[in-house]
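Asks: Take this structure, written in structure tokens, and hold onto it; I'll ask about it next.
Residue numbers (this note's numbering): 10 to 173.
Put into structure tokens, the structure is as follows:
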């Protein structure tokens, strides 16, 4: 997969349009890629530049940007948001990730066009990667128990135990 990551809610619609267009036009040309996935959220603007909310947003988006199921990630910002893409570069999150702002690109349509060029470049790189099978013993599954409700111990926990 290749992710199209929004830095702010205001770029979510464009990220969806980019992923849709890439799935329609680029995906058939790159059989080694499973799809283009928009990663959007409702934050990034109208919030404090510091504090818990921004810290959680940075940590969450950084997790997506570094996620091993993404062969590549394109980060898309609007340009005027509090959650600027440059912050990710300063934290080392954007290393090797391509990014741009919609305002600098000249609007929504031009952003989609620009993104398709960038995604084609990323797809060329990702398409050269070969998948390697791994044994089931190498798979790590993270579980968290507790804090939900009294029924989870009766229902979800046994199901998770059986699955793992």
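Just so it is clear, CB atoms sit at the ideal spot from N, CA and C, and this is done for glycine as well.
My guess is that residue 73 and residue 132 are in contact by the Cβ rule of under 8 Å, so how many angstroms apart are they, rounded?
Replies: As a working mapping, residue 73 is identified with position 64 in the chain shown. As a working mapping, residue 132 is identified with position 123 in the chain shown. With 8 Å as the limit, residue 73 and residue 132 do not qualify as a contact, their Cβ atoms being about 18 Å apart.
Asks: State the DSSP-derived secondary structure class of residue 148, mapped to helix, strand or coil.
Replies: Within the chain shown, numbered from 1, the residue matching residue 148 stands at position 139. In this structure, residue 148 counts as coil in the three-state DSSP scheme.
Asks: On the three-pair Cβ rule with 8 Å, is the segment 107-116 touching the segment 54-63?
Replies: no
Asks: List the endpoints of the continuous beta strand (DSSP E) containing residue 85.
Replies: As a working note, residue 85 is residue 76 in the chain shown. It spans 81-86 - the beta strand (DSSP E) in which residue 85 sits, taken as one unbroken run.
Asks: Examine the ligand NAD and report whether any of its heavy atoms sits within less than 7 Å of the Cβ of residue 27.
Replies: Of the ligands one can find in the structure shown there are none, so the ligand NAD has no counterpart to examine.
Asks: Who are residue 45's beta bridge partners in DSSP?
Replies: Counting from one through the chain shown, the residue named residue 45 turns up at place 36. In the DSSP output, where bridge partners are listed per residue, residue 45 has 11.
Asks: Whose C-alpha, out of 164, 173, 12, 169, is nearest the C-alpha of residue 81?
Replies: For this step, residue 81 is matched to residue 72 along the chain shown. Of 164, 173, 12, 169, the residue nearest in Cα terms is 12.
Asks: With a Cβ-Cβ cutoff of 8 Å, do residue 91 and residue 23 count as a contact?
Replies: Position 82 of the chain shown, counted from the first residue, corresponds to residue 91. Position 14 of the chain shown, counted from the first residue, corresponds to residue 23. In this structure, residue 23 does not lie closer than 8 Å to residue 91 by Cβ.
Asks: In angstroms, rounded to a whole number, what distance separates the CA positions of residue 135 and residue 163?
Replies: Within the chain shown, the letter at position 126 stands for residue 135. Within the chain shown, the letter at position 154 stands for residue 163. Near 43 Å, if we compare the C-alpha coordinates of residue 163 and residue 135.
Asks: Tell me residue 110's beta-bridge partners as DSSP assigns them.
Replies: The count along the chain shown starts at 1 and reaches residue 110 at position 101. For residue 110, which the question treats as bridged, DSSP gives the partners 86.
Asks: Less than 8 Å between the C-beta atoms of residue 87 and residue 19, yes or no?
Replies: For the purposes of this step, residue 87 is identified with residue 78 of the chain shown, where counting begins at 1. For the purposes of this step, residue 19 is identified with residue 10 of the chain shown, where counting begins at 1. Yes.
Asks: Tell me which residue opens and which closes the alpha helix (DSSP H) that residue 125 is part of.
Replies: By one-based count along the chain shown, residue 125 stands at place 116. Where residue 125 is concerned, the enclosing alpha helix (DSSP H) stretches over 117-136.
Asks: Mind reading off the beta-carbon distance from residue 27 to residue 114? Whole number of angstroms is fine, and I expect it under 8 Å.
Replies: Residue mapping note: residue 27 aligns to position 18 of the chain shown, counting from 1. Residue mapping note: residue 114 aligns to position 105 of the chain shown, counting from 1. So it is not a contact: roughly 11 Å between Cβ atoms.
Asks: Enumerate in chain order the residues of its own chain whose CB-to-CB distance from residue 141 is below 6 Å, with the five nearest sequence positions on each side excluded.
Replies: By 1-based counting over the chain shown, the position of residue 141 is 132. So no residue of the chain qualifies.
Asks: Compute the distance between the beta-carbons of residue 10 and residue 65, then report whether it is under 8 Å.
Replies: Start at 1 with the first residue of the chain shown, and residue 10 comes out as number 1. Start at 1 with the first residue of the chain shown, and residue 65 comes out as number 56. No, these two residues do not count as a Cβ contact at 8 Å.
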